[in-house]
Amino acid sequence: MAGKLTLAASERLKSRKAIDAVFAKNKCFHVFPFKICCNMVTEPGLKAATGVSSRHFKKATDRNRIKRLTREAWRIQKNTLREMLLQKNKGLHVFILYTGKEMPVYAAIAETMLLVVQKLEKDLGKE
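Number 91 in our numbering belongs to position 91 of the sequence shown; there are no gaps in the numbering.
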């Protein structure tokens, strides 16, 4: 499975209990236009979820587009982080919130997502 650029259902953070745990730990950081909240877990692997505020984007189609772009950028960039977690036999749940106020373009999101993944890798290297 190494090397495949997929985002399977098993890699998506869907459980309300798990999402609440991510926000309860309060380990968050900002890389504009994203706020990243993460939580170390016992089962090895990497799970992620995305969100967009309806405060700035009233139309569901706009929110869905931003979430699609964010998931696509995450799908492309996450493999090095996932491999690092599997080698260390650790697990990580990540929630990615888009906090910008204007509709983004994919190139900007992809560039920022690379910075997010690098920061997560650096934080894991310290532990």
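In this text, a Cβ means the ideal position worked out from N, Cα and C, and glycines have one as well.
In this text the structure is predicted, and so the values were computed from the model without any measurement.
* Residues in its own chain within less than 7 Å of T50 by CB, not counting five upstream and five downstream? -> Here residue 50 is taken as the residue at index 50 of the sequence shown, counted from 1. Taking C-beta separations shorter than 7 Å and ignoring five residues to either side along the sequence, the partners of T50 in its chain run K67, T70, R71 and I96, following chain order.
* Excluding sequence positions up to five away, which residues of its chain have a Cβ less than 7 Å from the Cβ of I19? -> Within the sequence shown, the letter at position 19 stands for residue 19. Here the set comprises L13, A49 and F95.
* Flag this pair as touching only if the region 51 to 61 and the region 75 to 86 have three or more C-beta atom pairs under 8 Å; answer yes or no. => Not touching, per the Cβ criterion.
* **Rounded distance between the beta-carbons of K90 and P44, thought under 8 Å** => The sequence position of residue 44 within the sequence shown is 44, counting from 1. The sequence position of residue 90 within the sequence shown is 90, counting from 1. Between P44 and K90 the beta-carbon gap is near 6 Å, inside 8 Å, which marks them as a contact.
* To do: Let me know if T99 comes out buried or exposed under the rule of 16 or more other beta-carbons within 10 Å of its beta-carbon.
  => In the sequence shown, counting from the first residue as 1, residue 99 sits at position 99. Burial call: exposed.
* To do: Go to F34, then tell me how far its beta strand (DSSP E) extends in each direction, as first and last residue.
  => Taking the first residue of the sequence shown as 1, we reach residue 34 at position 34. Where F34 is concerned, the enclosing beta strand (DSSP E) starts and stops at F34 to V41.
* Asked: Does the Cβ-Cβ distance between E83 and K47 come in under 8 Å?
  -> For the purposes of this step, residue 83 is taken as the residue at position 83 of the sequence shown. For the purposes of this step, residue 47 is taken as the residue at position 47 of the sequence shown. For the 8 Å CB-CB criterion, E83 and K47 do not form a contact.
* Asked: From V31 to F23, what does the alpha carbon distance come to, in whole angstroms?
  -> Your numbering for residue 31 matches position 31 in the sequence shown. Your numbering for residue 23 matches position 23 in the sequence shown. Each residue's Cα considered, the two are about 17 Å apart.
* Option nearest L114 by Cα separation, candidates W74, L86 and V52 -> On the sequence shown, position 114 is the one that residue 114 refers to. When each option's Cα is compared against that of L114, the closest is W74.
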